[in-house]
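With my numbering as the guide, the letters of the sequence shown map in order to residues 97 to 495.
Just so you know, even glycine gets a beta-carbon here, dropped at the ideal spot from N, CA and C.
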Amino acid sequence: MNVPPSIDHVTAPSDSEVLHWLTNDTRDERFLDNIFAELCLRLQRAGIPAKRATLHVMILHPQWLGSRIMWADGMREAELRRVDYDIRERSEFVGSPANEINDGAAEVRENLERDPALGRKHAVYDEMRAKGLTDYVAWPLYHTLGKRHLVTFATDKRGGFDDAHIDCLLKLLPVLALVSEIRLKNRLARTLLETYVGSHAGELVLAGATRRGSGTTVHAAIMICDLRDFTAISDNWPRDDVIDLLNDYFDAMSEPIARHGGEILKFIGDGLLAIFPLSNPSACANLLHAVTKARRAMVALNQRNGETGRAPLNYGIGVHVGDVMYGNIGSRTRLDFTVIGPAVNMAARLETLTKQLGRTVLLSRAFADFVKSDFDLERVGEYPVRGFNDPIELFAYHG
């Protein structure tokens, strides 16, 4: 943390300059936390005695309800913290200013200099008093279509914020709302694309690769995984149990893939399709390392399921390497960013063969040639593969 320079109130910029900066000079800054920290520093230089400020935003994310951006005196960069979905049941939220704003309050103001017994009771007020803060104010930050977020400011000035300070901060709110909404919408677009099509494909789409039929040829290792006997499970288990099972299974498989540089392009029912581009010289080895970690995760998952009386989950993985067409395919109004080609078909056929041949992981000879010097592989033999003229030499991996 760096202490901001001392403020010369004679030459300090006015609050109108802060508003002009927020309106006109933030367009090249991508990240909201950076804008918020700079805003607080500029407010100080304009004579607004802010010592602590927070910005709480709701986001659409599969894991997080929102984020809290917190700035305090002496910080050049704001602290960014994700907020879990269960926050609303926790004591840090219940009865808090955020809770009051969420319930519809237009303002929450707390005089922290008065006897605590006369004020609101919440841990956040005690924390601010302990840090010498004297006044606190929270307001909703209104985005379009009625969406409400939250911004707060606190000071250690004796007597708290005066009316001029409050008036200045209120003038900033509509512009801060616009600036923050733009960044949140940008982040939302990125998050949704990362969530539903993957990080690499999402970057391509954001960069403009949206035309139907556009794409590129990628040399990659392809991995297709499928759960065994899922039809019987889905027919006989309660719906919520089936969803929990699938989520646990996909976690066990997906996290090692992402950790080792692979990208999951889609979930297909109880299966998944992932690629490891060979632009990374270690791609094929990374794929098998991911398989190893996924196998261990599945062993642990089956052990947990066994403790609750559930049957173990079985799966098959087919792996091949080759050129794939990577791009936009679909109708005029509904596209899928995916990979197609004979190499993908081969991986799918090998996954189907795992059950017939009694192996969990089957590799084509083309893939095995990349890794056989570093991994212990079992040669299974040559087998006909539907859709291909010649038998394919297959290897099993048990690591």
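Integer Cβ distance of residue i from residue j, believed to fall under 8 Å
{"i": "Gly437", "j": "Val420", "result": "4 Å"}
{"i": "Phe46", "j": "Phe363", "result": "One cannot answer for residue 46 here, as it falls past the ends of the chain, which runs 97 to 495."}
{"i": "Asn207", "j": "Asp231", "result": "6 Å"}
{"i": "Ala317", "j": "Ile371", "result": "7 Å"}
{"i": "Lys389", "j": "Thr251", "result": "Not quite, the Cβ-Cβ distance comes to about 50 Å (not below 8 Å), so this is no contact."}
{"i": "Arg455", "j": "Ile488", "result": "At roughly 14 Å, the Cβ-Cβ gap does not stay under 8 Å, so Arg455 and Ile488 are not in contact."}
{"i": "Leu384", "j": "Gly477", "result": "That belief does not hold up - the Cβ atoms of Leu384 and Gly477 are roughly 20 Å apart, past 8 Å."}
{"i": "Val275", "j": "Thr122", "result": "6 Å"}
Three-way DSSP call (helix, strand, coil) for residue i in this model
{"i": "Leu300", "result": "helix"}
{"i": "Ala512", "result": "Examination of residue 512 is not possible in this model, given that the chain is present from 97 through 495 alone."}
{"i": "Ile262", "result": "helix"}
{"i": "Trp333", "result": "coil"}
{"i": "Ile155", "result": "coil"}
{"i": "Lys362", "result": "strand"}
{"i": "Leu280", "result": "helix"}
{"i": "Leu139", "result": "helix"}
{"i": "Leu409", "result": "coil"}
{"i": "Ala295", "result": "This sequence places Ser at residue 295; Ala is not what is there. Here Ser295 sits in helix by DSSP."}
{"i": "Val457", "result": "strand"}
{"i": "His356", "result": "coil"}
{"i": "Thr306", "result": "coil"}
{"i": "Pro109", "result": "Low local confidence applies: a pLDDT of 48 at Pro109 is under 50, so the model's placement there is unreliable, with the coordinate-based value given in what follows. Note: Pro109 maps to coil in three-state DSSP."}
{"i": "Asn376", "result": "coil"}
{"i": "Pro125", "result": "Checking the sequence, you will find Glu at residue 125 rather than Pro. Of the three classes helix, strand and coil, the one that applies to Glu125 here is coil, per DSSP."}
{"i": "Glu403", "result": "helix"}
Counted within 10 angstroms of its Cβ, other Cβ atoms place residue i as buried (16 or more) or exposed
{"i": "Ser187", "result": "exposed"}
{"i": "Asp515", "result": "An answer regarding residue 515 cannot be provided, because it is not within the stretch 97 to 495 covered by the chain."}
{"i": "Ala348", "result": "buried"}
{"i": "Gly367", "result": "buried"}
{"i": "Pro236", "result": "buried"}
{"i": "Ser427", "result": "exposed"}
{"i": "Tyr292", "result": "exposed"}
{"i": "Gly311", "result": "buried"}
{"i": "Phe471", "result": "buried"}
{"i": "Glu203", "result": "exposed"}
{"i": "Ser163", "result": "buried"}
{"i": "Ser375", "result": "exposed"}
{"i": "His245", "result": "buried"}
{"i": "Asn120", "result": "exposed"}
{"i": "Pro334", "result": "exposed"}
{"i": "Phe257", "result": "buried"}
{"i": "Ala174", "result": "buried"}
{"i": "Val106", "result": "Note that Val106 has pLDDT 36, beneath the 50 cutoff, so the model's placement of it is unreliable and the number below is only indicative. Exposed is the call here."}
{"i": "Val395", "result": "exposed"}
{"i": "Arg475", "result": "exposed"}
{"i": "Glu134", "result": "buried"}
{"i": "Thr150", "result": "buried"}
{"i": "Pro212", "result": "exposed"}
{"i": "Thr240", "result": "exposed"}
{"i": "Thr313", "result": "exposed"}
Beta-ladder partner(s) of residue i, from DSSP
{"i": "Pro236", "result": "Leu246"}
{"i": "Asp432", "result": "Ile425"}
{"i": "Thr312", "result": "Tyr422"}
{"i": "Arg148", "result": "Ala168, Ala250"}
{"i": "Met319", "result": "Ala370, Val415"}
{"i": "Glu489", "result": "Glu478"}
{"i": "Gly205", "result": "The sequence shown places Arg at residue 205, rather than the Gly named in the question. DSSP lists Val233 as partners of Arg205."}
{"i": "Gly162", "result": "Met154, Val179"}
{"i": "Leu473", "result": "Tyr493"}
Closest residue to residue i among the options (Cα-Cα distance)
{"i": "Pro408", "options": "Lys253, Arg324, Arg123", "result": "Arg324"}
{"i": "Arg355", "options": "Ala386, Asp344, Asp336", "result": "Ala386"}
{"i": "Lys243", "options": "Ile320, Pro487, Ala439, His152", "result": "His152"}
{"i": "Glu113", "options": "Ala142, Thr448, Glu175", "result": "Ala142"}
{"i": "Ala234", "options": "Ala226, Lys227, Leu265", "result": "Leu265"}
{"i": "Leu453", "options": "Gly423, Thr434, Leu490", "result": "Leu490"}
{"i": "Leu449", "options": "Tyr422, Gly298, Thr122, Val415", "result": "Val415"}
{"i": "Met224", "options": "Ser192, Thr240, Leu241", "result": "Ser192"}
{"i": "Ile155", "options": "Leu137, Ile131, Arg286", "result": "Arg286"}
{"i": "Ala393", "options": "Gly405, Asn410, Ser378, Leu361", "result": "Asn410"}
{"i": "Asp465", "options": "Cys380, Leu397, Asn441", "result": "Cys380"}
{"i": "Gly467", "options": "Asn398, Pro377, Leu431", "result": "In the sequence under discussion, the amino acid at residue 467 is Val, which differs from the Gly named in the question. Of Asn398, Pro377, Leu431, the residue nearest in Cα terms is Pro377."}
{"i": "Arg307", "options": "Phe433, Leu361, Arg391, Tyr479", "result": "Phe433"}
{"i": "Val190", "options": "Lys217, Val435, Asp344, Leu361", "result": "Lys217"}
{"i": "Asn198", "options": "Met166, Arg210, Tyr238, Asn130", "result": "Tyr238"}
{"i": "Asn424", "options": "Leu361, Met442, Val476, Asn382", "result": "Leu361"}
{"i": "Ile144", "options": "Lys253, Leu241, Asn401, Gly357", "result": "Lys253"}
{"i": "Asn401", "options": "Leu342, Leu383, Leu384, Leu268", "result": "Leu342"}
{"i": "Lys267", "options": "Asn195, Cys321, His315, Leu118", "result": "Leu118"}
{"i": "Cys321", "options": "Lys451, His315, Gln399", "result": "Lys451"}
{"i": "Gly228", "options": "Ala219, Leu214, Glu209", "result": "Glu209"}
{"i": "Gln499", "options": "His116, Gly215, Asp263, Arg178", "result": "In the structure as shown, the chain starts at 97 and stops at 495, and residue 499 therefore has no counterpart that could be examined."}
{"i": "Gly405", "options": "Val435, Ile353, Asp337", "result": "Asp337"}
Contact test: residue i Cβ vs the ligand MG heavy atom, cutoff 6 Å
{"i": "Glu277", "result": "Absence of the ligand MG is noted for the structure shown, with no ligands found whatsoever."}
Chain B contact for residue i (CB, 7 Å cutoff)
{"i": "Val179", "result": "In the structure shown, chain B cannot be found, because there is only a single protein chain."}
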